[in-house]
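Residue numbers (our numbering), protein chains in the order written: chain A, 72 to 545; chain B, 354 to 789.
Even glycine gets a Cβ: it sits at the ideal position worked out from N, Cα and C.
Notes follow the structure.
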Amino acid sequence: MTFSNALSNALSGMNAATTAVQVRSNNIANASNPGYARRDVVLSTGVVGGVRVTSIERAGDPILLKDRLSAAARSAGLNAQSEAVEQLNQLFGEPGDTQGLFASLTRFETSLDDLAATPESGSYQAATLRAAQDLTNTINRLGDAVTEARTDADREIGATVAAVNRALSALEDLNGISSRGDANGLGDAAEQRQAQIDIIAQALDINVDDAGRGRLRITTAEGVLLLGETARTIEFSSGGIVAPGQTIGSGHLSGLTVDGVDITPKGGAQAIRSGYLAGQFAVRDEIVPEFSDRIDDLSQDIVDRFTGTGVDGTLAPGEEGLFISNGTGDGIAARISVNSAVNPDEGGELWRLRDGINATIAGPSANLGVIGGLLAAADAPRALSSVTDTPAVLSLSETTAAFASVVGTQRQDAVSAAAAATSTAQSLRDEELAITGVNTDQELQSLLLIEQAYAANARVVQVVSDMMARLLEI
Amino acid sequence: MSISSSLNAGVMGLNVNAARLATISNNVANSSTFGYKRAEANFSSLVLQQRRNAYAAGGVRVDTTRLVDERGALISTGSATDIGIAGQGMMPVTDIGGVSQGATDRPLLLTPTGSFSQNEDGFLQTPGGLFLLGWPADTDGDVGGVSRRSGTDLEPVNIGVNQFSATATSEIAIGVNLPSSDTESTGTGAPYSMPIEYYDNLGAIQTITATFTPTPATAGNPRTNQWTMDLVDEGSIPATNLGQLQITFNDAAGIGGTIANVTTSGGATYDSATGLISTTVSSGPVTIDIGAYGDAAGISQLESGFAPFNVTRNGAPIGDLEGVEIDAEGRLEAVYDTGFRRVLYQIPVAMVPNLNGLSPADNQAYTVSQESGDFYLWDAGSGPAGATVGFSLMESTTDIGTEMTDLIKTQRAYASSAKIIQTVDEMLQETTNIIR
Chain A
72 MTFSNALSNA LSGMNAATTA VQVRSNNIAN ASNPGYARRD VVLSTGVVGG
122 VRVTSIERAG DPILLKDRLS AAARSAGLNA QSEAVEQLNQ LFGEPGDTQG
172 LFASLTRFET SLDDLAATPE SGSYQAATLR AAQDLTNTIN RLGDAVTEAR
222 TDADREIGAT VAAVNRALSA LEDLNGISSR GDANGLGDAA EQRQAQIDII
272 AQALDINVDD AGRGRLRITT AEGVLLLGET ARTIEFSSGG IVAPGQTIGS
322 GHLSGLTVDG VDITPKGGAQ AIRSGYLAGQ FAVRDEIVPE FSDRIDDLSQ
372 DIVDRFTGTG VDGTLAPGEE GLFISNGTGD GIAARISVNS AVNPDEGGEL
422 WRLRDGINAT IAGPSANLGV IGGLLAAADA PRALSSVTDT PAVLSLSETT
472 AAFASVVGTQ RQDAVSAAAA ATSTAQSLRD EELAITGVNT DQELQSLLLI
522 EQAYAANARV VQVVSDMMAR LLEI
Chain B
354 MSISSSLNAG VMGLNVNAAR LATISNNVAN SSTFGYKRAE ANFSSLVLQQ
404 RRNAYAAGGV RVDTTRLVDE RGALISTGSA TDIGIAGQGM MPVTDIGGVS
454 QGATDRPLLL TPTGSFSQNE DGFLQTPGGL FLLGWPADTD GDVGGVSRRS
504 GTDLEPVNIG VNQFSATATS EIAIGVNLPS SDTESTGTGA PYSMPIEYYD
554 NLGAIQTITA TFTPTPATAG NPRTNQWTMD LVDEGSIPAT NLGQLQITFN
604 DAAGIGGTIA NVTTSGGATY DSATGLISTT VSSGPVTIDI GAYGDAAGIS
654 QLESGFAPFN VTRNGAPIGD LEGVEIDAEG RLEAVYDTGF RRVLYQIPVA
704 MVPNLNGLSP ADNQAYTVSQ ESGDFYLWDA GSGPAGATVG FSLMESTTDI
754 GTEMTDLIKT QRAYASSAKI IQTVDEMLQE TTNIIR
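See the structure below:
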């Protein structure tokens, strides 16, 4: 009894030491793997003497994890918004740019001034036409970029929803695996699961609860079940090209639903509030449409300035002049063009710039004609219709500058909000890494202890063997 | 005549030591047999009628006993169905013939440990041919009223027939917080939906949808704390309305946020003492625990977001068998790939009044004998019975050190007895030599 007990105790000690060395070696091997969480061996006394490896624990802090996921979602959402705002801001440009809207506008005003000084010059007339065309082209490009930005956001939402659905169904498969007795606790099921959770948590703010039996239950922060016994699917249909004026309300665009519950951001009571999806929805349905409204307003302002008899005597009251809007409604920025009456390529005449859009014959070449009216129209203070946060009465270039300043401020706000959220997310990530990460020094120190323990147990075996040998010698 | 009694005693000494040598050799041979209990040879002296002027050597007698009550150390193994008993008692097993026999005819054997594995028919069997017996459990894991004085309720443990298993849900408990601000006059009255999953009779996952609709206060009035809870069973086709509950919450000190009053309509019933909603879904009757009056668990209404923090249910979805495991109370559980565990059998631990009286059979098994007394089947870990331990086997109780020292003693004793015979022989020779 005593000999064999001593041997079996020593054996259990050596087994525990080899398990510990396996765990430590796995830790050290994964020291630079960012998704890996440290494993620790938990020992307890055996049922009938000796030592037993109770479990291999994965380091982690569930509360910190929840905070980290929430911060990551917030940061992903705000960063998506800030990127969009930044992109729009870049397209819009700033006063003093050599290209873009401001440069085109300046060139147009300069060319009008030049033409006013020498109204008889054909080349100045041509230059004015080119400047006007350049201006409308620049605005058209802005209008197209707006459509593209919304289309991109819509496509991005579709791709993210698909990724989330894939992750949810992967988690459904992974669910329950840990209850089946992960033999050595070193399998990567936990890591795989965390990787999928991270994908979902980027997209939207979630709560991850332990439903027992090694299963996870995932709800959105607003309480909509995403993963119970089975994975739910987030429903979304990508709308293709998103034209100006199309909204969820107009039936052109899709929101998000789960099990028939509307979770579209800014939608019903259980709408998602944070995360990459919320960010892209804000881009698609708020930030870009608002920007679109601004440039539509600006385009409308440009058209309106040159409309009517006050500017050009040949025009009927309310008739569009140098610039025409080609229809009404949203998306004027994409449609605005120069009146074909002044474009020789489209059957027009350059001298109509001087003599009026509807002039039938060219007037005296030194006549100032309507050029003075055009100049005055560009400088005339006008009130803008819809956009509220722009100062009320401004000239064309002032209006544009005011727009730029609003867009710039918006960009500043978005960038600083995103930066703050990113740094919060990063600091939580660092904090988590401090808990779950592998400290190689610590691992090596515990390896020393394990080595000693193994040697001591081996010595016990040696002693028992010597005692037996001594006995057999008698 | 005393000299012949000495010769006789010497021969008896040889015999008994030979018997002890046999026990030692058997013990040493089985020193690494799992579950082996060592045998011991006990000597006792025989006394012939004594007179003061003469002494007759009575000699020695041997009794061999097997020390079944000695416990070997449990060593850990890699198989979940290697079962050892930590403490007193033995597991009921039967032989190959007993598997096909009825309970009354089946030979009942007892063994302290066994390395069981599934055979081709699904029975748990040791390599030596012992079949594990246990009480079959119902879907709730109960074995019911079983006979503990006989093996009539025991059955050979068979895992094969339970490859797939499912259990319908009968009890659900939910925990959810409803945002109190939604019942203020500023509330929109928008409903919150919460799916509650349950398992039907075929192991499929079905859903009851609970919809919580706040009743906002009219302008200028304090919040109503009133919610309407609608339950719809999506598992039935078409979806069935299970009824409606009007829940009013407390906002008084100490009990804020707990249920104050519930009125039901449309077929739902609610017990304010237990907090259970009784209803019937597609698979049968189900109770849903939403918390009793004044109970902080279950449904609450606090100034926070809508948060379904807990849904628990009994039952199990359909799953493939991943393996079996035994717990300390002898419950043999099937582990399914869905993460569920279900008790299939309960393995009792048999105790007899005199363990050492059990008569040994092959493969470290024992049968009940006259000397051992009748057995009683305990739940493992209760009363005097030891706990069942999976992933472990009981080592042989043989200790080589003890056996070796006994061997030396036996050798010395045997040699001494031989010396007595030789001496008697020489003395008789002397006597014979007198007449020459």
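Whose Cβ in chain B lies nearer than 7 Å to the Cβ of residue i?
i	result
A/Ile-545	Ile-761
A/Phe-74	Asp-752, Ile-753 and Gly-754
A/Leu-393	Going along chain B, no residue has its Cβ under 7 Å from A/Leu-393, so there is no contact; the nearest lies around 49 Å.
A/Gly-120	Ala-426
A/Val-332	Ser-546
Apart from the five residues on each side of it in sequence, which residues of its chain come closer than 8 Å, Cβ to Cβ, to residue i?
i	result
B/Ser-523	Gly-637, Pro-638, Val-639, Thr-640, Asn-667 and Gly-668
A/Gly-434	Trp-422, Arg-425, Asp-426 and Gly-440
B/Ser-346	For chain B, the structure presents residues 354 to 789; residue 346 of chain B sits outside this window and is missing.
Rounded to whole angstroms, how far is the Cβ of residue i from the Cβ of residue j, which I believe are closer than 8 Å?
i	j	result
A/Ile-312	A/Thr-222	5 Å
B/Leu-463	B/Met-443	4 Å
B/Ala-426	A/Asn-86	So it is not a contact: roughly 14 Å between Cβ atoms.
A/Val-409	A/Ala-203	5 Å
B/Thr-564	B/Asp-535	Their Cβ separation, rounded to whole angstroms, is 13 Å, which puts B/Thr-564 and B/Asp-535 out of contact at 8 Å.
B/Thr-434	B/Leu-477	6 Å
B/Asn-530	B/Leu-674	In fact, because the Cβ distance is near 39 Å, the residues do not count as touching under 8 Å.
B/Trp-488	B/Gln-699	5 Å
Excluding the 5 residues preceding and the 5 following residue i in the sequence, name in chain order all residues of the same chain whose CB lies nearer than 7 Å to its CB.
i	result
A/Leu-504	none
A/Leu-445	Leu-183, Phe-377, Val-382 and Leu-393
B/Asp-586	Ile-561, Ala-592, Thr-593, Leu-595, Val-634 and Ser-635
B/Asn-383	Tyr-389, Ser-749 and Thr-751
B/Ser-357	none
B/Gly-644	Ile-612, Gly-628, Ala-650, Gly-651 and Ile-652
B/Ser-722	Gly-710, Leu-711 and Ser-712
B/Thr-858	Coverage of chain B is limited to positions 354 through 789, which leaves residue 858 of chain B absent and any answer about it impossible.
A/Glu-128	Arg-110, Asp-111 and Val-113
Going along chain A in order, which residues have a C-beta closer than 8 Å to the C-beta of residue i?
i	result
B/Glu-748	Ser-75 and Ser-79
B/Pro-670	Glu-300
B/Pro-661	Thr-290, Gly-294 and Leu-296
B/Glu-393	Simply none; closest approach about 13 Å.
Determine the chain A residues that contact residue i at a beta-carbon separation under 9 Å, and present them in chain order.
i	result
B/Gly-658	Ala-292, Glu-293 and Gly-294
B/Ile-558	Gly-299, Glu-300 and Thr-301
Which term fits residue i, buried or exposed, when burial requires 16 or more other beta carbons within 10 angstroms of its beta carbon?
i	result
A/Thr-89	exposed
A/Ser-141	buried
B/Lys-390	buried
A/Ala-254	For A/Ala-254, the predicted model reports a pLDDT of 42, less than 50, meaning its position is unreliable and no value from the coordinates is stated.
B/Ser-770	buried
B/Phe-659	buried
B/Gly-573	exposed
A/Glu-227	buried
A/Ser-83	buried
A/Gln-317	buried
B/Asp-732	buried
B/Phe-693	buried
Who are the near neighbours of residue i in its chain, counting only those whose CB is closer than 6 Å to its CB and skipping five residues on each side?
i	result
B/Ser-429	Phe-744 and Ser-745
B/Gly-739	Ile-438, Ala-439, Gly-440, Gln-441 and Gly-442
A/Gly-252	Only weak support is given to the placement of A/Gly-252: the predicted model assigns it a pLDDT of 48, under 50, and the question is left unresolved by the model.
Identify the contact partners of residue i in chain A, using a Cβ-Cβ distance below 7 Å as the criterion.
i	result
B/Arg-545	Checking the sequence shown, residue 545 of chain B turns out to be Tyr, not Arg. What B/Tyr-545 touches in chain A: Gly-294, Ala-340 and Gln-341.
B/Phe-693	Arg-284
B/Glu-473	By Cβ distance, chain A contributes nothing, its closest Cβ being about 24 Å from B/Glu-473, past 7 Å.
B/Glu-550	Gly-299 and Glu-300
Could you name the residues of chain B that residue i contacts, counting a contact when the two beta carbons are closer than 9 Å?
i	result
A/Arg-123	Ser-429
A/Leu-542	Ile-753, Gly-754, Met-757, Thr-758 and Ile-761
A/Asn-246	Thr-691 and Gly-692
Task: contact_flag[the segment 403-413 of chain B, the segment 359-368 of chain B] where n(CB pairs < 8 Å) is 3 or more - done: Counting Cβ pairs under 8 Å, three or more are found: they touch.
- [ ] Check whether the segment 661-681 of chain B touches the segment 519-536 of chain B, counting contact only when three or more Cβ pairs, one atom from each stretch, lie closer than 8 Å.
- [x] Flag = yes, the segment 661-681 of chain B and the segment 519-536 of chain B touch.
Open item on the list: Quick check: the segment 327-335 of chain A against the segment 292-306 of chain A, are at least 3 beta-carbon pairs closer than 8 Å?
Closed with: In short, these stretches touch, since the Cβ pair count reaches three.
Open item on the list: Could you check whether the segment 484-504 of chain A touches the segment 129-149 of chain A, counting it as contact only if at least three pairs of C-beta atoms, one from each stretch, sit closer than 8 Å?
Closed with: Touching, yes.
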